[in-house]
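Student:
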Amino acid sequence: MNYKIVIENNFDNLLEEIRSLKTEISQRKVCIVTDSNVSRLYLNEIQQVFEGNCRGCVSHVFPAGEANKHLGTITEILQTLTENHFDRKDLVVALGGGVTGDIAGFAASIYMRGIEFVQIPTSLLAQVDSSIGGKTGVDFNGLKNLVGAFYEPGLVYINLQVINTLPDREFKCGLGEILKHSLLHSEDYYYWLKNNREAILKKDPNVLAEMIERSGKIKQYIVENDWRENGIRALLNFGHTLGHAIEKEADFKLSHGACVAIGMNAACWLSALKGRISEVDYHETVDFIRSFGLPTSVEGLDREGVYKASCQDKKNQHGHFRFILLNSIGDAYIDSSVTESDIRNAIDVVCK
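Its first residue numbered 201, the sequence shown is counted upward by one per residue in the numbering used here.
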């Protein structure tokens, strides 16, 4: 990873960090890409950072929601860049959650074969996960993130204060990925999260700062060792195979973090089925997930639809399922021996 991750309590140092990029900001035009929800909260503040300090600042606001994460939105961003005569030296700023970061990053990656972009993540999920690692993309034909590119930002700037404006649903969404980091990579972090659960749920600023830093470092370590996802980066998909399938079958009405939490239950159940973790550890992980207010099952979904969606997962190879399972808490591995029967049984566990 060739970019800096900055954690602050405000936006006061944003311009200074932008100035540390290769091209001087005074020589660049800036396009702020954000959604209709975040624009009401932070767009004016970020525009004021750039106005008078760059060659020109425009914004592109798209309707909020996963339903707008498609190629049509990319086309509209490219039109904004074209109409305002952006060139290869100019800058795209992604201001928002994971959807915004994925969309803006993908647009930046293909405009003139790539112009620089900066991530300003405003959701907990984006701060600890999607803004780190250089994955960009959009959904296609109902399949999550099917079209995209690996494209690193020039900078990730995290303002911890934005967490206070998040709805509880979105805060819990981010916690789903945070719990994932501990289960797949760090038993020590797992117990730290357990011991600090009340402070986390009360949004204690010092505890949140440490949590975001620790989760970010876990993802950063894994990505640095496997940027193109040819090996250990696949471990970050723990809980995602069935999580993404449930998200699709629920028509994206459940948050991503909630679906990952349900998917982690399924993955832990499969880990116990294969004798990798004990029944005691399995039930402990389920209690751990629930203790943070996240679901471990869902009602009313078509199980066959969930199964078919899991068959289309990008992680599958040569017709074989690739699940991320646990050897133990804090130690994940890639398993290619999961059968159709195993998956259907796991779906029965989490789909009531």
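Where a beta carbon is used, it is the ideal one built from N, C-alpha and C, also for glycine.
Does Asp531 come out as helix, strand or coil in the three-state DSSP assignment?
Tutor: Position 331 of the sequence shown holds residue 531. DSSP places Asp531 in strand when its eight states are reduced to three.
Student: Please state whether DSSP places Val460 in a helix, a strand or coil.
Tutor: As a working mapping, residue 460 is identified with position 260 in the sequence shown. Of the three classes helix, strand and coil, the one that applies to Val460 here is helix, per DSSP.
Student: How far does the beta strand (DSSP E) with Ala349 in it reach, from first residue to last?
Tutor: Along the sequence shown, one-based indexing puts residue 349 at 149. From DSSP, the beta strand (DSSP E) with Ala349 extends over Leu343 to Phe350.
Student: My assumption, with CB atoms under 8 Å, is that Glu266 sits in contact with Val299. Please give the rounded CB distance.
Tutor: Taking the sequence shown and counting its residues from 1, one reaches residue 266 at position 66. Taking the sequence shown and counting its residues from 1, one reaches residue 299 at position 99. Their Cβ separation, rounded to whole angstroms, is 6 Å, which keeps Glu266 and Val299 in contact under 8 Å.
Student: Measuring alpha carbon to alpha carbon, tell me which of Arg544, Gly354, Lys204 and Glu283 ends up nearest Ser309.
Tutor: Translated into the one-based positions of the sequence shown, residue 309 becomes position 109. For the residues Arg544, Gly354, Lys204 and Glu283, the minimum Cα distance to Ser309 belongs to Gly354.
Student: Can you check DSSP and say which residues form a bridge with Asn359?
Tutor: Position 159 of the sequence shown, counted from the first residue, corresponds to residue 359. Paired residues: Glu208.
Student: Which value, in whole angstroms, describes the spacing of the CA atoms of Gly334 and Phe250?
Tutor: Within the sequence shown, the letter at position 134 stands for residue 334. Within the sequence shown, the letter at position 50 stands for residue 250. One C-alpha to the other measures close to 24 Å.
Student: Would the region 450-459 and the region 415-431 be scored as touching if the rule is three or more Cβ pairs under 8 Å?
Tutor: Cβ pair count under 8 Å is below three, so no.
Student: Can you tell which of Leu366, Ile315 and Asp502 has the C-alpha that lies nearest to the C-alpha of Leu442?
Tutor: Taking the first residue of the sequence shown as 1, we reach residue 442 at position 242. Out of Leu366, Ile315 and Asp502, Asp502 has the C-alpha closest to the C-alpha of Leu442.
Student: Do Ala466 and Val538 come within 8 Å of each other at the CB atom, strictly closer than that value?
Tutor: Locating residue 538 in the sequence shown gives position 338, where the first residue counts as 1. Locating residue 466 in the sequence shown gives position 266, where the first residue counts as 1. Result no, Cβ atoms of Val538 and Ala466 do not sit closer than 8 Å.
Student: Using 8 Å for Cβ pairs, my map puts Asp379 next to Phe488. What's the rounded Cβ distance?
Tutor: Residue 379 sits at position 179 when you count from the first residue of the sequence shown. Residue 488 sits at position 288 when you count from the first residue of the sequence shown. The question names Asp, but residue 379 in the sequence shown is Leu. With 8 Å as the limit, Leu379 and Phe488 qualify as a contact, their Cβ atoms being about 7 Å apart.
Student: Could you check the C-alpha separation between Asp212 and Leu470 for me, to the nearest Å?
Tutor: To locate residue 212, count along the sequence shown from 1; it is residue 12. To locate residue 470, count along the sequence shown from 1; it is residue 270. Distance between the alpha carbons of Asp212 and Leu470 is about 47 Å.
Student: Give the secondary structure of Thr200 by DSSP, where H, G and I count as helix, E and B as strand, and everything else as coil.
Tutor: Because the chain in this structure spans residues 201 to 552, residue 200 falls outside the shown range and cannot be described.
Student: Spell out the partners DSSP gives Thr234 in its beta bridges.
Tutor: Residue 234 sits at position 34 when you count from the first residue of the sequence shown. In the DSSP output, where bridge partners are listed per residue, Thr234 has Val261 and Leu295.
Student: Would you kindly report the start and end of the unbroken beta strand (DSSP E) that includes Lys335?
Tutor: As a first step, residue 335 is located in the sequence shown; it is residue number 135 there, counting from the start. Lys335 to Phe340 is the extent of the beta strand (DSSP E) around Lys335.
Student: Under 7 Å: does the beta carbon of Val407 sit that close to some heavy atom of the ligand FAD?
Tutor: In terms of ligand content, the structure shown is empty, and the ligand FAD therefore cannot be addressed.
Student: On the DSSP letters alone, give me the boundaries of the beta strand (DSSP E) that Phe488 sits inside.
Tutor: Indexing the sequence shown from 1 puts residue 488 at position 288. Segment Glu479 to Ser491 is the alpha helix (DSSP H) holding Phe488; no beta strand (DSSP E) there.
Student: Does His440 pass the burial test, meaning 16 or more other C-beta atoms within 10 Å, or should it be called exposed?
Tutor: The residue labelled residue 440 in the question sits at position 240 within the sequence shown. That one is buried.
Student: Identify the continuous beta strand (DSSP E) that holds Phe250 and give its terminal residues.
Tutor: Counting from 1 along the sequence shown, the entry for residue 250 is found at position 50. Not the beta strand (DSSP E): Phe250 falls in the alpha helix (DSSP H), residues Asn244 to Phe250.
Student: Taking the beta carbon of Arg428 as the centre, do at least 16 other beta carbons fall within 10 Å, making it buried, or is it exposed?
Tutor: Counting from 1 along the sequence shown, the entry for residue 428 is found at position 228. Classification of Arg428: exposed, given that the 10 Å Cβ count is below 16.
Student: Taking 8 Å as the cut-off, does the region 262-279 touch the region 348-367 (at least 3 CB pairs, one atom from each stretch)?
Tutor: Contact fails: fewer than three Cβ-Cβ distances are below 8 Å.
Student: Which of helix, strand or coil does DSSP assign to Val538?
Tutor: Locating residue 538 in the sequence shown gives position 338, where the first residue counts as 1. Note: Val538 maps to coil in three-state DSSP.
Student: Which of helix, strand or coil does DSSP assign to Lys453?
Tutor: The sequence position of residue 453 within the sequence shown is 253, counting from 1. In the structure shown, Lys453 sits in coil (DSSP, three-state: anything other than H, G, I, E or B).
Student: Measuring CB atoms only, is the region 253-263 touching the region 225-235, in the sense that at least three cross pairs come out at less than 8 Å?
Tutor: Yes: at least three Cβ pairs fall under 8 Å.
Student: Tell me, to the nearest whole angstrom, how far the beta carbon of Leu435 is from that of Ala546; I am working on the premise that it is less than 8 Å.
Tutor: To locate residue 435, count along the sequence shown from 1; it is residue 235. To locate residue 546, count along the sequence shown from 1; it is residue 346. So it is not a contact: roughly 18 Å between Cβ atoms.
Student: For Lys402, does the three-state DSSP call read helix, strand or coil?
Tutor: Here residue 402 corresponds to residue number 202 of the sequence shown, with the count starting at 1. Residue state, collapsed to three classes: coil.
Student: Which stretch, first to last residue, makes up the beta strand (DSSP E) that contains Phe317?
Tutor: One-based indexing of the sequence shown puts residue 317 at position 117. Glu316 to Pro321 is the span of the beta strand (DSSP E), which, as asked, contains Phe317.
Student: What does a CB cutoff of less than 8 Å around Ser528 pick up in its chain, not counting 5 residues either side in sequence?
Tutor: Here residue 528 corresponds to residue number 328 of the sequence shown, with the count starting at 1. Excluding residues within five positions, the ones whose Cβ falls inside 8 Å are Glu387, Arg476, Ile477 and Asp481.
Student: Would you kindly work out how many angstroms separate the C-alpha atoms of Asn210 and Glu216, rounded to a whole number?
Tutor: Numbered from its first residue, the sequence shown carries residue 210 at position 10. Numbered from its first residue, the sequence shown carries residue 216 at position 16. Answer to the nearest angstrom: the Cα atoms are 13 Å apart.
Student: If you follow the alpha helix (DSSP H) that Gly272 is part of, which residue opens it and which one closes it?
Tutor: If you number the sequence shown from 1, residue 272 lands on position 72. It spans Leu271 to Glu283 - the alpha helix (DSSP H) in which Gly272 sits, taken as one unbroken run.
Student: Assess contact between the region 369-383 and the region 322-329, defined as three or more Cβ pairs (one per stretch) separated by less than 8 Å. Is contact present?
Tutor: Taking 8 Å as the limit for Cβ pairs, the verdict is that the region 322-329 does touch the region 369-383.
Student: Are the beta-carbon atoms of Ser455 and Val328 separated by less than 8 Å?
Tutor: In the sequence shown, the residue the question calls residue 455 occupies position 255. In the sequence shown, the residue the question calls residue 328 occupies position 128. Not in contact: Ser455 and Val328 (Cβ atoms no closer than 8 Å).
Student: Among Gly348, Tyr203, Arg433 and Tyr390, which residue has its Cα nearest to the Cα of Lys269?
Tutor: Here residue 269 refers to the residue found at position 69 of the sequence shown. Cα-wise, what sits closest to Lys269 is Gly348.
Student: So, using beta-carbon positions, are Ile315 and Asp290 closer together than 8 Å?
Tutor: The residue labelled residue 315 in the question sits at position 115 within the sequence shown. The residue labelled residue 290 in the question sits at position 90 within the sequence shown. Yes, they are a contact pair.
Student: List the DSSP bridge partners of His607.
Tutor: What the structure shows of the chain is the stretch from 201 to 552, and residue 607 is not part of that stretch, so it cannot be assessed.
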